[in-house]
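Residues 178 to 264 in this note's numbering are what the sequence shown spells out, letter by letter.
Idealized CB from N, CA, C, for every residue including glycine.
Structure first, then comments.
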Amino acid sequence: MLAELRQKSQITIPKELVDRLGLSEGDKLDIYEQEGIICIMPVVVYPKGYVEGLLDDIKEIKRKIATGEQPVFNDIDELISSLESEE
Numbered sequence: 178m179l180a181e182l183r184q185k186s187q188i189t190i191p192k193e194l195v196d197r198l199g200l201s202e203g204d205k206l207d208i209y210e211q212e213g214i215i216c217i218m219p220v221v222v223y224p225k226g227y228v229e230g231l232l233d234d235i236k237e238i239k240r241k242i243a244t245g246e247q248p249v250f251n252d253i254d255e256l257i258s259s260l261e262s263e264e
């Protein structure tokens, strides 16, 4: 697929790609150069407070794992068995 560079360095992403990737107006795209290739990647932007909350949750889970408060499962079957035994 070809896209033409227009005034103010604008391009139009072909509709087929937009549809295939499920993009819509207002979506954020990261644009960068890698070894002479222009790369465009869809991204999701979260508020800083939301990300900080997730990091706090991860820190707390790691603490619980280290102290043995949080069970750790080797695979999904082990997790399901544990959940079923709680019923």
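Where do the ends of the alpha helix (DSSP H) carrying residue 256 lie? 253-262
Under 8 Å between C-beta atoms of residue 206 and residue 215: no
Quick check on DSSP: helix, strand or coil for residue 209? strand
Tell me the rounded alpha-carbon separation between residue 198 and residue 245. 42 Å
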